[in-house]
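Chain order of the listed sequences is A and B. Quick note: the first sequence, position 70, residue 600 per this note's numbering, numbers continuous. Quick note: the second sequence, position 282, residue 812 per this note's numbering, numbers continuous. Glycine included, C-beta positions come from ideal geometry on N, C-alpha and C.
2 protein chains.
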Amino acid sequence: MAAAVLVCDWGSTSLRAWTLDAAGKVVAQQRFPLGVNRLAPGEAARRFDDEVRPALGAEALPALLCGAIGSNVGWRTAPYIDCPTALDDIARSLFAVRDDVWIAPGLRCEGLGGACDVLRGEETKALGWLALNPGDRSGRRLVCQPGTHSKWLVIEDGRIVRFLSAFTGELFAVLSEHSILRNDGDASDPEAFEAGLAAAGDGDALLNRLYTARSRVAGGGAASGSTASYLSGLLIGAEVAATPRLLGLEGDPVRLLGDKPACDRYALALGLRGVAARHADGEAAVLAGLTAIARLRGLL
Amino acid sequence: MAAAVLVCDWGSTSLRAWTLDAAGKVVAQQRFPLGVNRLAPGEAARRFDDEVRPALGAEALPALLCGAIGSNVGWRTAPYIDCPTALDDIARSLFAVRDDVWIAPGLRCEGLGGACDVLRGEETKALGWLALNPGDRSGRRLVCQPGTHSKWLVIEDGRIVRFLSAFTGELFAVLSEHSILRNDGDASDPEAFEAGLAAAGDGDALLNRLYTARSRVAGGGAASGSTASYLSGLLIGAEVAATPRLLGLEGDPVRLLGDKPACDRYALALGLRGVAARHADGEAAVLAGLTAIARLRGLL
């Protein structure tokens with residue numbers, strides 16, 4: 531069947547595009563190194579027209595995008611909508627950057643201490659996961675999406691009722707690249723990773739605990755090549771200790787949504803705290819979310 | 531009187547040198563942009579001979595150094611000594627890199643969760659402050675030295691009995707320069723600084739709280755130029771909330787030792803938590819410490 535719509539998960543670091551036929555079946559798909567962090571201001575529309583559309587034979591198709599492309603560093607800012615949010619709220623609130631190109635809104639909710647919290651893209655992934663798993667649509671679910679900024683979403687009876695972000699992925703990246711903790715080790719020293727998890731405590735006093743990544747080498751004789759793994763464990767351990775508690779859901783089983791290697795690290799951290807965790811594929815989830823929104827919007 | 535000894539506080543970012551006469555009076559002084567972070571491996575000795583000594587007319591003087599110059603990225607590694615430590619322990623444990631050049635040892639103590647903690651240079655500054663303030667030599671004192679890595683020292687009856695480090699300064703620097711939180715604002719928006727202090731909570735859940743520095747701009751309408759001040763408040767607030775508690779000294783008055791502007795930010799953060807704080811000049815303190823060690827060692 532001919533393609534009917536182009537859907538894209540357009541995030542900070544990459545763009546994943548699919549064309550779908552009228553039945554929602556994938557006709558073509560491709561990944562592009564066009565994450566919004568790599569784009570110059572104002573460049574998104576041109577790269578979309580010149581590269582993404584032609585590569586998929588989608589010059590004339592309506593298009594639905596989600597993710598950081600709707601932020602102030604993306605194509606244009608798609609306004610946030612407030613939680614609680616279900617799939618049809620998203621479909622109703624698409625932001626038209628052109629007559630035939632829509633961006634899904636980001637979500638906003640009350641965060642820590644009266645501050646607001648925001649996300650973009652994770653709503654489509656989480657609700658897409660629900661679309662794939664009808665059995666999870668009733669009751670409460672705690673979904674964690676590891677990433678540059680991890681997102682923990684509380685879903686009740688099919689609606690995202692609140693969420694909480696953590697700066698973990700970006701903090702690991704900047705410390706590994708630009709601080710005294712940078713080194714030539716890779717992030718695959720399981721023993722150092724578990725030592726980092728143990729050093730995370732209850733997620734308190736992170737500034738003090740961070741220094742142990744330096745002092746264990748400078749004064750404790752640990753190999754400097756193990757610093758990345760230790761740091762990864764320390765940060766993930768701190769995140770999984772603190773975040774469910776802040777949400778009042780300590781001990782709730784966690785659905786991990788995303789790339790398998792990252793989710794495995796979180797599952798290990800949660801397991802050591804006695805929390806059950808199960809992984810689901812992030813790409814399948816976001817595709818299901820985009821497909822469902824396109825269908826609700828009458829594009830399929 | 532002629533100069534008798536050359537003493538240097540040689541840290542990560544700069545080198546401060548003084549020549550002293552036999553009575554301990556300063557003959558000459560100079561600051562050099564030769565912090566060990568800016569030196570190539572193996573370069574310290576040559577720069578010392580070619581630039582520091584001649585600039586102060588100190589070619590033939592014995593020299594005493596303290597600080598990061600004794601670390602693995604300095605001249606040579608001066609072994610750590612374990613707490614508790616008094617001034618004469620330091621003087622007894624100088625590390626000779628040449629017949630007439632000594633480096634003060636760093637200190638090591640038990641840190642968080644059985645890890646070790648380390649410092650270099652802060653011992654000389656803290657004990658020098660004590661040398662200048664005889665009234666503080668009995669009883670317990672909590673001394674905080676803000677910096678790239680802040681150090682909180684517990685002093686009892688003139689001896690450093692333990693200490694705890696925090697990664698605060700370096701974390702602020704790498705986030706301000708290399709993360710999504712970088713921006714063109716300066717760090718002098720008092721309102722944003724205090725909002726950051728308030729957002730620090732009890733120093734828990736820092737990964738989640740860090741994200742509010744992003745979401746208050748992206749979703750809350752705060753000016754992006756205020757991010758640096760907010761971040762500074764958030765990190766300092768988290769440090770002053772967590773560290774005294776970890777040391778079991780919550781509520782103890784704090785002596786802040788270092789540059790006035792940095793210490794003022796810490797004093798504000800402590801004051802909001804009801805903790806009394808008093809500032810003392812860091813440069814005068816480290817000079818007094820180096821002078822006292824030189825005297826104990828018979829160089830004066």
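- Query: Looking at chain B, which residues of the segment 736-748 of chain A have a Cβ within less than 7 Å of any of its Cβ atoms?
  - Reply: L736, L737, N738, R739, L740, Y741, T742, S745, R746, A748
request  = Pull up the CB-CB distance for A:A588 and A:L826, whole angstroms please, since I reckon it's below 8 Å.
outcome  = The residue given as residue 588 of chain A occupies position 58 in the first sequence. The residue given as residue 826 of chain A occupies position 296 in the first sequence. Incorrect: roughly 20 Å between the Cβ atoms, too far for contact.
Where the segment 600-614 of chain B meets chain A: residues whose CB sits under 8 Å from a CB there: For the segment 600-614 of chain B, the residues whose beta carbon sits under 8 Å from a beta carbon of chain A are, in order, S601, N602, Y610.
Quiz item: Hey, does B:F693 have any beta-carbon neighbour from chain A nearer than 8 Å?
Solution: The residue you call residue 693 of chain B lines up with position 163 of the second sequence. Taking CB atoms only, B:F693 has no neighbour in chain A less than 8 Å away.
**Asked** Taking Cβ-Cβ distances below 7 Å as the criterion, which residues of the segment 620-653 of chain B are in contact with chain A?
**Response** R638, G641, L642, G643, A645, C646, D647, V648
- Message: Bridge partners for A:K523 per DSSP, in chain order?
- Response: Past the boundaries of the shown model lies residue 523 of chain A; chain A is included only from 531 to 830, so the question cannot be answered.
Note to self: For a cutoff of 8 Å on Cβ pairs, would you count B:T543 as touching chain A?
What the structure shows: Position 13 of the second sequence, counted from the first residue, corresponds to residue 543 of chain B. Chain A, which has no Cβ nearer than 8 Å to the Cβ of B:T543, makes this no.
Would you list, in chain order, the members of the segment 661-687 of chain A that have their beta-carbon closer than 7 Å to a beta-carbon of chain B? H679
- Message: Between which residues of its own chain and A:T757 is the CB-CB distance below 7 Å, once the five residues before and five after are set aside?
- Response: Here residue 757 of chain A refers to the residue found at position 227 when the first sequence is read from its first residue. L711, N713, G715, A743, V747.
task = Have a look at A:L637 and B:R808 and give me their C-alpha separation to the nearest angstrom.
result = One-based indexing of the first sequence puts residue 637 of chain A at position 107. One-based indexing of the second sequence puts residue 808 of chain B at position 278. Going by the C-alpha atoms only, they are around 45 Å apart.
*asked:* Taking the beta carbon of B:E721 as the centre, do at least 16 other beta carbons fall within 10 Å, making it buried, or is it exposed?
replied: As a working note, residue 721 of chain B is residue 191 in the second sequence. Classification for B:E721: exposed.
So that I know if they touch, is there some Cβ in chain A lying closer than 8 Å to that of B:L776? Locating residue 776 of chain B in the second sequence gives position 246, counting from the first residue. With respect to chain A, the C-beta atom of B:L776 has a partner C-beta closer than 8 Å.
Can you check which of these residues, A:P563, A:S759, A:V648, A:R606, is closest to A:P571 by C-alpha distance? What you label residue 571 of chain A is simply residue 41 of the first sequence in a count that begins at 1. Nearest C-alpha to A:P571: A:R606.
Counting only the same chain and skipping the five closest in sequence on each side, list residues whose C-beta sits under 6 Å from that of B:A768. Start at 1 with the first residue of the second sequence, and residue 768 of chain B comes out as number 238. So the qualifying residues of the chain are A730, G733, L736.
- Query: Below 8 Å between beta carbons: does that hold for B:V784 and B:L800?
  - Reply: As a position in the second sequence, residue 784 of chain B is number 254, starting the count at 1. As a position in the second sequence, residue 800 of chain B is number 270, starting the count at 1. Yes; because the gap between Cβ atoms is below 8 Å, this pair is in contact.
Could you give the C-beta distance for B:V582 and B:L829, rounded to a whole number, given that I count them as a contact under 8 Å?
By 1-based counting over the second sequence, the position of residue 582 of chain B is 52. By 1-based counting over the second sequence, the position of residue 829 of chain B is 299. Contact doesn't hold; Cβ gap of about 17 Å is too wide.
Worksheet item: In terms of alpha-carbon separation, which member of A:S718, A:S623, A:L694 lies closest to A:A792?
Response: For the purposes of this step, residue 792 of chain A is taken as the residue at position 262 of the first sequence. Comparing Cα-Cα distances from A:A792 to each of A:S718, A:S623, A:L694, the minimum goes to A:S718.
Practice problem: Tell me, please, whether the CB atom of B:H809 is closer than 8 Å to any CB atom in chain A? | Solution: Within the second sequence, residue 809 of chain B is the residue found at index 279, counting from 1. So no, B:H809 is outside the interface.
What's the C-alpha gap between A:S706 and B:G763? Your numbering for residue 706 of chain A matches position 176 in the first sequence. Your numbering for residue 763 of chain B matches position 233 in the second sequence. In this structure, the straight-line span from the alpha carbon of A:S706 to that of B:G763 is close to 24 Å.
Does the beta carbon of B:I710 come closer than 8 Å to any beta carbon on chain A? Taking the first residue of the second sequence as 1, we reach residue 710 of chain B at position 180. True, the Cβ-Cβ gap to chain A drops below 8 Å.
Using 8 Å as the threshold, is the C-beta distance between B:P676 and B:G788 below it? Locating residue 676 of chain B in the second sequence gives position 146, counting from the first residue. Locating residue 788 of chain B in the second sequence gives position 258, counting from the first residue. It is a contact, given that the beta carbons lie within the stated cut-off.
Starting from the beta carbon of A:G750, find every residue of chain B whose beta carbon is closer than 7 Å, and list them in chain order.
-> As a first step, residue 750 of chain A is located in the first sequence; it is residue number 220 there, counting from the start. Simply A645, C646.
For B:T641, which residues in the same chain have their Cβ closer than 8 Å to its Cβ, ignoring the five residues on either side in sequence? Here residue 641 of chain B is taken as the residue at index 111 of the second sequence, counted from 1. The sequence given here places Gly at residue 641 of chain B; Thr does not occur at that position. The answer, listed in chain order, is D647, L694, S695.
A:R650 to B:E724, Cα distance in whole Å? One-based indexing of the first sequence puts residue 650 of chain A at position 120. One-based indexing of the second sequence puts residue 724 of chain B at position 194. Each residue's Cα considered, the two are about 28 Å apart.
Which residues of chain C have a Cβ atom closer than 7 Å to the Cβ of B:L705, listed in chain order? Although the question refers to chain C, the structure presented lacks it and instead comprises the protein chains A and B.
Residues of its chain near B:Y741, where Cβ-Cβ distance is below 6 Å and the 5 sequence neighbours each way are ignored | The sequence position of residue 741 of chain B within the second sequence is 211, counting from 1. Counting only Cβ-Cβ distances below 6 Å, and skipping sequence neighbours, we find nothing.
Quick one: residues in its chain with C-beta nearer than 8 Å to the C-beta of A:D794, no 5 flanking neighbours on either side, listed in chain order?
Looking up residue 794 of chain A in the first sequence gives position 264. Closer than 8 Å at Cβ, skipping near neighbours: H809.
What would DSSP say about A:G641, mapped onto helix, strand or coil?
Here residue 641 of chain A refers to the residue found at position 111 of the first sequence. Coil at A:G641, not helix or strand.
* Grouping DSSP H, G and I as helix and E and B as strand, with all else coil, what is B:G726? -> Sequence index remark: in the second sequence, residue 726 of chain B carries index 196 (1-based). In this structure, B:G726 counts as helix in the three-state DSSP scheme.
- [ ] Work out the CA separation of B:V556 and B:W659 for me, nearest whole Å.
- [x] Taking the first residue of the second sequence as position 1, residue 659 of chain B is located at position 129. Taking the first residue of the second sequence as position 1, residue 556 of chain B is located at position 26. About 17 Å.
| field | Close-in-space but distant-in-sequence residues of the same chain around A:A598 (CB under 6 Å, 5 per side omitted) | value | One-based indexing of the first sequence puts residue 598 of chain A at position 68. Annotation for A:A598: G541, S542, V566, G604, R650 place their beta carbon closer than 6 Å to its own, counting only its chain and skipping 5 residues before and after.
Exercise. So with Cβ pairs under 8 Å, would you call B:T773 a contact of chain A?
Worked result: Reading the second sequence from its first residue, position 243 is the one you call residue 773 of chain B. True, the Cβ-Cβ gap to chain A drops below 8 Å.
In three-state DSSP terms, what is B:E813?
-> Stepping through the second sequence from its first residue, residue 813 of chain B is reached at position 283. Correct three-state label for B:E813: helix.
Original post:
Which same chain residues, not among the five before or five after A:G819, have their C-beta less than 7 Å away from its C-beta?
Top reply: As a working mapping, residue 819 of chain A is identified with position 289 in the first sequence. For A:G819, where only same-chain residues beyond five positions count, the Cβ hits under 7 Å are T654, K655, L657, G658, A661.
Could you give the DSSP three-state label for B:D789: helix, strand or coil?
Numbered from 1 along the second sequence, position 259 holds the residue referred to as residue 789 of chain B. Residue state, collapsed to three classes: coil.
Worksheet item: For A:L765, which residues in chain B fall below 8 Å Cβ to Cβ?
Response: As a position in the first sequence, residue 765 of chain A is number 235, starting the count at 1. Those are L737, listed as they occur along chain B.
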